[in-house]
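Using numbering that gives the first Met the number 0, the first residue of the sequence shown is number 0, and each one after it goes up by one. Glycine included, C-beta positions come from ideal geometry on N, C-alpha and C.
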Amino acid sequence: MALTFHVARETVLSKVAGAQRPPREPVALGDAAGRVLAEDVAADRDSPALSRSVRDGYAVRAADLPGDLVVIGEVRAGERFAGEVGAGQAVEIMTGAPIPAGADAVVMVEHTRRVDGRVEIDAPAEPAQFINPQGCEAAVNQTVLRAGKRIDHADVAMLAAFGHTQVSVFRKPEVAIVATGDEIVEVSETPTAFQIRNSNAYSLAAQVARAGGVPRILPVARDTVEHTRDMVLRGLASDLLLLSGGVSAGKYDVVEQVLADIGAAFYFDRVLIQPGQPVVFGETIGAAASGKRWQGKFFFGLPGNPSSTMVTFEIFARAAVELLGGRSESPLPMPFARLSRDFRHRPGLTRFLPALLSGDGTEVTPVEWHGSGDIPALTRANAYLVADPFRGEYARGEFIRVLLK
Ligand code: AMP
Ligand code: MG
Numbered sequence: 000m001a002l003t004f005h006v007a008r009e010t011v012l013s014k015v016a017g018a019q020r021p022p023r024e025p026v027a028l029g030d031a032a033g034r035v036l037a038e039d040v041a042a043d044r045d046s047p048a049l050s051r052s053v054r055d056g057y058a059v060r061a062a063d064l065p066g067d068l069v070v071i072g073e074v075r076a077g078e079r080f081a082g083e084v085g086a087g088q089a090v091e092i093m094t095g096a097p098i099p100a101g102a103d104a105v106v107m108v109e110h111t112r113r114v115d116g117r118v119e120i121d122a123p124a125e126p127a128q129f130i131n132p133q134g135c136e137a138a139v140n141q142t143v144l145r146a147g148k149r150i151d152h153a154d155v156a157m158l159a160a161f162g163h164t165q166v167s168v169f170r171k172p173e174v175a176i177v178a179t180g181d182e183i184v185e186v187s188e189t190p191t192a193f194q195i196r197n198s199n200a201y202s203l204a205a206q207v208a209r210a211g212g213v214p215r216i217l218p219v220a221r222d223t224v225e226h227t228r229d230m231v232l233r234g235l236a237s238d239l240l241l242l243s244g245g246v247s248a249g250k251y252d253v254v255e256q257v258l259a260d261i262g263a264a265f266y267f268d269r270v271l272i273q274p275g276q277p278v279v280f281g282e283t284i285g286a287a288a289s290g291k292r293w294q295g296k297f298f299f300g301l302p303g304n305p306s307s308t309m310v311t312f313e314i315f316a317r318a319a320v321e322l323l324g325g326r327s328e329s330p331l332p333m334p335f336a337r338l339s340r341d342f343r344h345r346p347g348l349t350r351f352l353p354a355l356l357s358g359d360g361t362e363v364t365p366v367e368w369h370g371s372g373d374i375p376a377l378t379r380a381n382a383y384l385v386a387d388p389f390r391g392e393y394a395r396g397e398f399i400r401v402l403l404k
């Protein structure tokens, strides 16, 4: 049965979401970015730890303004003012410095006039203006990061701010990559005119690494049941198995047969997309696989044409790599951009076609290509146009969805 793109994607997300989370390992703070957090992280102090000024200026009592105040001292970041601001008084204050006792507002230095030991302020002030109250960003013991988040640079900053020199992350999932096809030769070989170098294994490895997995490229499987089975069983020792090729209806497309023979369950083997219609997703949960070390593993049979392999990885398999890596979600943003020219396609399938998105992300132009095998066209693209299956024609200037490459 053929599924729509959305149903197929939901299938992947719901099946893999139930998988066990991977083991944990510690990493140093400097290596944490890009890894998936394996523990909740709490604030070890209020943030800010004291009420702080967010401007250079004067700490005052708002009720005194407008007015002419006596400057009784100054306070800078890293210090605390020992005294207290009384009626008619002000303390010169720098950004980041704690608010002195007695003061309830900060006036920007630009709005003041300093005359010897006094400061003249002509405008009123709102109580609490330019003050970050203690704990307003996070309170001590509050959970500020949840396990399952991929750590970005802001998360690294927060880990640092709360004193984590190391952090617990999930082990990266190992992803086996098996290209299939009698016509496929190693990259180092010189192919005859009817052979093709194995590019899919390398594009997949790059995509796996970007998704936070560790790629493991296995030898190319020949188009025989025996050799393909050998490679499939080797690949199932990893956390996830990706195959490329061998999933169409041809006589030598043996991938599904091999997987069925070892007792795999198939969640789909056809999706209403182009490229990549004959894409296979399943799990080795059948009887023949029981008790073996390859039981309970997810696999994808990705179609062999290079753009099909790349697109189906991105829209389906990436989610599996990310979820198996412990991430709590796997987003697939497809924002809108304006078409720079008219665009038409035959309705019925969701199409992912190579495209060039303008630098500011607002305008998209289809890239001329010659079908799913056109790697040169893919290198000229930085995105895919996502054409809706219910709609054949888009006029120049209309919005269409875009998937970043
Ligand atoms: P298949 O899905 O096995 O029918 O393969 C479809 C087409 O994809 C083949 O005819 C090749 O042109 C191409 N192809 C398959 N595997 C690879 C690979 N590993 N690297 C590059 N191109 C491939
Ligand atoms: Mg093939």
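Residue interval of the beta strand (DSSP E) (run including residue i)
i	result
Q165	Q165 to F169
D67	G66 to V74
Q88	Q88 to I92
P353	T349 to L356
M107	A104 to M107
E78	Note, E78: premise wrong, no beta strand (DSSP E); not H, not E.
A264	A264 to F267
L322	From DSSP, L322 is part of no beta strand (DSSP E) but of the alpha helix (DSSP H) over R317 to L323.
E362	E362 to P365
A336	F335 to L338
L144	T142 to L144
G300	F297 to L301
I98	Taken as a continuous stretch (DSSP letters only), I98 belongs to no beta strand (DSSP E), as it is neither H nor E.
A127	Neither: A127 is in no beta strand (DSSP E) and is coded neither H nor E.
L403	F398 to L403
Y57	G56 to V59
E119	R117 to I120
V410	Not covered by the structure: residue 410. The range shown for the chain is 0 to 404.
Whether residue i touches residue j by CB criterion (8 Å)
i	j	result
V40	L144	yes
V53	V74	no
V168	V207	no
P218	I176	no
D103	A76	no
A16	F267	no
D45	Q133	yes
A318	L241	no
A58	I92	yes
I374	L384	no
D222	G245	yes
P126	L64	no
T179	A220	yes
S371	P274	yes
F161	A48	no
A18	L271	no
E83	G101	yes
F265	V279	yes
G324	P172	yes
G347	P302	no
P305	N199	yes
A210	V320	yes
A376	K404	no
Beta-carbon contacts of residue i that lie in its chain and below 7 Å, excluding the five residues immediately before and after
i	result
R117	D67, L68, V69 and V70
R292	A236
T364	S339, R340, A354 and L355
R34	V26, I150 and V168
A138	A42 and D45
G85	G101
E255	V246, D268, V279 and G300
H152	A32
First and last residue of the uninterrupted alpha helix (DSSP H) at residue i
i	result
T283	Per DSSP, T283 belongs to no alpha helix (DSSP H) and is neither H nor E.
P406	Beyond the ends of the chain as shown, which are 0 and 404, falls residue 406; an answer cannot be given.
T378	I374 to R379
A382	Counting along the chain, A382 falls outside any alpha helix (DSSP H), though it belongs to the beta strand (DSSP E) covering A382 to A386.
E255	V254 to D260
T308	P305 to T311
A159	H152 to A160
Heavy atom of ligand 3 within 7 Å of residue i beta-carbon
i	result
T223	Ligands displayed in this structure: ligand 1 and ligand 2; ligand 3 is not among them.
Same chain, Cβ closer than 8 Å to residue i, five either side skipped, listed in chain order
i	result
S465	The chain is shown from 0 up to 404; residue 465 falls before or after that span and cannot be answered.
S50	P97, I98, I130, N131, P132 and Q133
P22	F169 and R170
L158	L28, A31, V40, L144, I150 and V166
V155	L28, A31 and A32
E392	D341, F342 and R343
M333	V385, R400, V401 and L402
Beta-carbon contacts of residue i that lie in its chain and below 6 Å, excluding the five residues immediately before and after
i	result
M107	R54 and G56
T142	D39 and A41
F80	V74, V90 and P99
>> Ignoring anything shorter than 4 residues, give me the alpha helix (DSSP H) runs that lie fully in the stretch 187-242, in order along the chain.
In response: 199-209 and 224-234
>> Extract the residue ranges of the beta strand (DSSP E) inside the stretch 4-30, only unbroken runs of 3 or more that lie entirely within it.
In response: 23-27
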